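Written below as structure tokens is the structure these notes are about.
2 protein chains.
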Amino acid sequence: MIAWPDIQAVLLDLDGTLFRGDVVLPGALALLEQLRQAQIPFLYWTNNSTRTPVQVVDHLRKLGFDAQVRDVYTSSLATADALADVLPGASTVFALGEEGLFDALRMRGFRVVTNADQEDEVAAVVVGLDRTVTYARFAQAMRYLLNPDTLFYATNLDRALPHGDHFMPGAGAVVSFLETCTGRKPVAVGKPQAAFVLAACDRLAVLPRNTLIIGDNAETDVAAAKRAGAVAVWVTTGVSHVRAEQGTMTISALTDLLPIPRSQK
Amino acid sequence: MIAWPDIQAVLLDLDGTLFRGDVVLPGALALLEQLRQAQIPFLYWTNNSTRTPVQVVDHLRKLGFDAQVRDVYTSSLATADALADVLPGASTVFALGEEGLFDALRMRGFRVVTNADQEDEVAAVVVGLDRTVTYARFAQAMRYLLNPDTLFYATNLDRALPHGDHFMPGAGAVVSFLETCTGRKPVAVGKPQAAFVLAACDRLAVLPRNTLIIGDNAETDVAAAKRAGAVAVWVTTGVSHVRAEQGTMTISALTDLLPIPRSQK
Chain A
0 MIAWPDIQAV LLDLDGTLFR GDVVLPGALA LLEQLRQAQI PFLYWTNNST RTPVQVVDHL
60 RKLGFDAQVR DVYTSSLATA DALADVLPGA STVFALGEEG LFDALRMRGF RVVTNADQED
120 EVAAVVVGLD RTVTYARFAQ AMRYLLNPDT LFYATNLDRA LPHGDHFMPG AGAVVSFLET
180 CTGRKPVAVG KPQAAFVLAA CDRLAVLPRN TLIIGDNAET DVAAAKRAGA VAVWVTTGVS
240 HVRAEQGTMT ISALTDLLPI PRSQK
Chain B
0 MIAWPDIQAV LLDLDGTLFR GDVVLPGALA LLEQLRQAQI PFLYWTNNST RTPVQVVDHL
60 RKLGFDAQVR DVYTSSLATA DALADVLPGA STVFALGEEG LFDALRMRGF RVVTNADQED
120 EVAAVVVGLD RTVTYARFAQ AMRYLLNPDT LFYATNLDRA LPHGDHFMPG AGAVVSFLET
180 CTGRKPVAVG KPQAAFVLAA CDRLAVLPRN TLIIGDNAET DVAAAKRAGA VAVWVTTGVS
240 HVRAEQGTMT ISALTDLLPI PRSQK
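The listed protein sequences derive, respectively, from chains A and B.
Read in order, the letters of the first sequence are residues 0 to 264 in numbering that gives the first Met the number 0.
Read in order, the letters of the second sequence are residues 0 to 264 in numbering that gives the first Met the number 0.
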């Protein structure tokens, strides 16, 4: 059972938790509606680095969710936030990724280089899922990373992601390629890093111990909650084959969380 | 000192040992000439999986070596040999690699699939250095490898290779990408695997302990020799930053090996 009076915020995983592809999962719309009625702030909180907040909102609205851009926090946004803590805003970064990453970095004022033939010095190499990656761009990232002064950040280390009836390589595979040829390890930002929970909690001005994390992936969502000291609920609607460890609150559908008691505030 | 009377064959690394790019290294031509005069059989023995034996011979001849196709043994040839031991000759294999790998597999009778849109069942995924690799082809290899019956072979796990004044990602980086997204590890064939030494020795009908391995890379050439029980000479003309372990015979140029005493045969 969740001690709802202690919960001051909720972080919601997206794919596999609220929806699967274009299908809304049972209880998802009601959960969001009741969080609003109970005045419990929340974030759509995802490791997916490829979509911009606007694209995430578009998808959620298409599925019937009443989403706003300010409610979205992706691993790309968190990575740009983390870089902004250590680099001047006008720095040049080389990104292996997609629009969600480029957009997040640009929003933070960084100059984003993506092509192998741009020979500038860069302050950091940032890696997300990149479904158009080529050997030439890997080689360019390698050249930058062989300079030990160049920072190395990754939005997440997800090994694979579901795609219809099969799996596709995740950002972690892209990172592994670069780890092997450079001998370097990146600062990883997304789940299961506690930093991603802490940054989300910062946005909502709550403590992790008063934050409920709902997700379908034991290796990322639940692990992140444990590391950061947040409360975890594992919902088994996703495609993850790894079970959450014993003691984790496990539900078979979001409907099991309802109704959410009204806030006493 | 090398006990030349015990040496019945020599395995010669190429890039960094006999030449560097288009420059012949000191003593290389004389070494080959004296091996022939002493009637000591040898192989041009390389982890480079991208070139066919004909291409290797072309390059060697351009540099002044009197090379024959039968004198060349690449990691791609050894991989095709290893697969031929476990798969019927007409099997279909999916290859991430270049012409040297495709050619070696076809010479062994395999049907080679290289494009992501070829949806056939395959018996094996084989990985070498692939400087045109794309996410789509990685994803296709992943799909094949998620079938546990599909074999997984790699020509070598080299992390990087020299290219002019810098380094490029090696076959090992390509392999790491697939290891991460599939959770599988390949059978690696090239240096430093003892199997590559044993297969080369088989070709020359000699024992490893009577085989001299000359190379510039401590992590691959020297390590392979140690694992297989061959005699190693480390020549410091290459770009490798890893030193051979103490006790390895170390020379600063191939000229230090000359003259080779005439055979008593």
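We put the beta carbon where it would ideally sit given N, CA and C, even for glycine.
Keep in mind the model is a prediction, meaning the values are calculated, not measured.
Nearest neighbour of residue i, chosen from the options [CA to CA]
{"i": "Pro-87/A", "options": "Glu-97/A, Leu-150/A, Asp-57/A, Gln-245/A", "result": "Leu-150/A"}
{"i": "Thr-247/B", "options": "Ala-229/B, Arg-105/B, Leu-104/B, Arg-261/B", "result": "Ala-229/B"}
{"i": "Arg-261/A", "options": "Gly-20/A, Asp-21/A, Arg-35/A", "result": "Arg-35/A"}
{"i": "Leu-271/B", "options": "Ile-212/B, Phe-137/B, Val-121/B", "result": "Past the boundaries of the shown model lies residue 271/B; chain B is included only from 0 to 264, so the question cannot be answered."}
{"i": "Leu-10/B", "options": "Leu-30/B, Gly-20/B, Val-23/B", "result": "Leu-30/B"}
{"i": "Asp-148/A", "options": "Ala-122/A, Asp-164/A, Asn-155/A, Leu-156/A", "result": "Ala-122/A"}
{"i": "Ala-267/B", "options": "Lys-61/B, Ser-239/B, Phe-101/B, Gly-63/B", "result": "Any question about residue 267/B goes unanswered here, given that chain B covers just 0 to 264."}
{"i": "Tyr-152/A", "options": "Asp-116/A, Gly-20/A, Gln-192/A", "result": "Gln-192/A"}
{"i": "Asn-200/B", "options": "Ala-227/B, Asp-5/B, Ala-217/B, Glu-218/B", "result": "Contrary to the premise, residue 200/B reads as Cys rather than Asn in this sequence. Comparing Cα-Cα distances from Cys-200/B to each of Ala-227/B, Asp-5/B, Ala-217/B, Glu-218/B, the minimum goes to Ala-227/B."}
{"i": "Ala-217/B", "options": "Pro-207/B, Ile-250/B, Ile-6/B", "result": "Ile-250/B"}
{"i": "Arg-19/B", "options": "Ser-90/B, Val-234/B, Ser-175/B, Met-106/B", "result": "Val-234/B"}
{"i": "Asp-116/A", "options": "Arg-142/A, Ala-103/A, Leu-253/A", "result": "Arg-142/A"}
{"i": "Met-106/A", "options": "Ala-89/A, Met-0/A, Asp-119/A", "result": "Ala-89/A"}
{"i": "Phe-195/A", "options": "Gly-237/A, Ala-224/A, Arg-208/A, Leu-145/A", "result": "Ala-224/A"}
{"i": "Trp-3/A", "options": "Gln-245/A, Thr-154/A, Val-232/A", "result": "Val-232/A"}
{"i": "Ser-74/B", "options": "His-162/B, Asp-57/B, Leu-197/B", "result": "Leu-197/B"}
{"i": "Asn-155/A", "options": "Val-126/A, Leu-144/A, Gly-163/A", "result": "Val-126/A"}
{"i": "Leu-59/A", "options": "Asp-21/A, Gln-38/A, Ala-37/A", "result": "Asp-21/A"}
{"i": "Asn-146/B", "options": "Leu-145/A, Lys-184/A, His-165/A, Asp-57/A", "result": "His-165/A"}
Close beta carbons around residue i, own chain, < 8 angstroms, minus the five adjacent residues each side
{"i": "Glu-98/A", "result": "Thr-49, Arg-50, Thr-51, Gln-54"}
{"i": "Thr-254/A", "result": "Pro-25, Gly-26, Ala-29"}
{"i": "Asp-119/B", "result": "Thr-91, Val-112"}
{"i": "Ile-1/B", "result": "Leu-211, Val-230, Val-232, Met-248, Leu-256"}
{"i": "Gly-163/B", "result": "Gly-20"}
Reduced DSSP category for residue i - H, G, I as helix; E, B as strand; rest coil
{"i": "Pro-191/A", "result": "coil"}
{"i": "Phe-137/B", "result": "helix"}
{"i": "Phe-64/B", "result": "coil"}
{"i": "Thr-45/B", "result": "strand"}
{"i": "Ala-252/A", "result": "coil"}
{"i": "Arg-110/A", "result": "strand"}
{"i": "Leu-257/B", "result": "coil"}
{"i": "Val-230/A", "result": "strand"}
{"i": "Val-186/A", "result": "strand"}
{"i": "Pro-40/B", "result": "coil"}
{"i": "Ala-115/A", "result": "coil"}
{"i": "Val-23/A", "result": "strand"}
{"i": "Leu-211/B", "result": "strand"}
{"i": "Val-241/B", "result": "coil"}
{"i": "Val-71/A", "result": "strand"}
{"i": "Leu-160/B", "result": "strand"}
{"i": "Ala-153/B", "result": "strand"}
Residues near residue i in its chain [Cβ-Cβ closer than 6 angstroms; skip 5 each side]
{"i": "Gly-214/A", "result": "Asp-12, Thr-16, Asp-220"}
{"i": "Ala-8/B", "result": "Pro-40, Leu-203, Val-205, Thr-210"}
{"i": "Asp-157/A", "result": "Asn-46, Gly-169, Ala-170, Gly-171"}
{"i": "Tyr-72/A", "result": "Leu-42, Trp-44, Ala-199"}
{"i": "Leu-265/A", "result": "As shown, chain A starts at 0 and ends at 264. That puts residue 265/A outside it, with no answer to give."}
{"i": "Ala-252/A", "result": "Pro-25, Gly-26"}
Enclosing alpha helix (DSSP H) for residue i [first to last residue]
{"i": "Thr-349/A", "result": "Residue 349/A is absent from the model: chain A starts at 0 and stops at 264."}
{"i": "Leu-104/A", "result": "98-106"}
{"i": "Leu-269/B", "result": "Since the displayed chain B opens at 0 and closes at 264, residue 269/B lies outside it and no answer follows."}
{"i": "Ala-170/A", "result": "170-181"}
{"i": "Ala-224/A", "result": "222-227"}
{"i": "Ala-27/B", "result": "27-36"}
Element boundaries [beta strand (DSSP E), containing residue i]
{"i": "Thr-91/A", "result": "91-95"}
{"i": "Leu-145/A", "result": "It is not in any beta strand (DSSP E) - Leu-145/A carries neither H nor E in the DSSP assignment."}
{"i": "Ala-8/A", "result": "8-11"}
{"i": "Val-125/A", "result": "123-126"}
Residues of its chain near residue i, where Cβ-Cβ distance is below 7 angstroms and the 5 sequence neighbours each way are ignored
{"i": "Ala-140/A", "result": "Phe-93, Leu-95, Val-124, Leu-177"}
{"i": "Met-167/B", "result": "Ala-159, Leu-160"}
{"i": "Leu-257/A", "result": "Gly-26, Ala-29, Leu-30, Gln-33"}
{"i": "Val-111/B", "result": "Val-92, Ala-94, Phe-101, Leu-104, Arg-105"}
{"i": "Val-241/A", "result": "Ala-217, Glu-218"}
{"i": "Val-238/A", "result": "Gly-15, Pro-161"}
{"i": "Ala-243/A", "result": "Ala-217, Val-221, Trp-233, Thr-249"}
{"i": "Pro-207/B", "result": "Val-196, Leu-197, Cys-200, Ala-227, Gly-228, Ala-229"}
{"i": "Asp-5/B", "result": "Asn-209"}
Report task. Specify whether the region 166-174 of chain A and the region 162-181 of chain B touch according to this definition: at least 3 beta carbon pairs, one from each stretch, less than 8 angstroms apart. Result -> Short answer: they touch.
Query raised in the report: Given 8 angstroms as the limit, is there contact between the region 75-87 of chain A and the region 184-192 of chain A, that is, 3 or more CB pairs closer than that?
Result: Three or more Cβ pairs drawn from the region 75-87 of chain A and the region 184-192 of chain A lie within less than 8 angstroms of each other, which places the two stretches in contact.
Requested in this report: Decide yes or no for the touch test of the region 59-70 of chain B against the region 123-138 of chain B: beta carbon pairs closer than 8 angstroms, at least 3 of them.
Outcome: No, the region 59-70 of chain B is not in contact with the region 123-138 of chain B.
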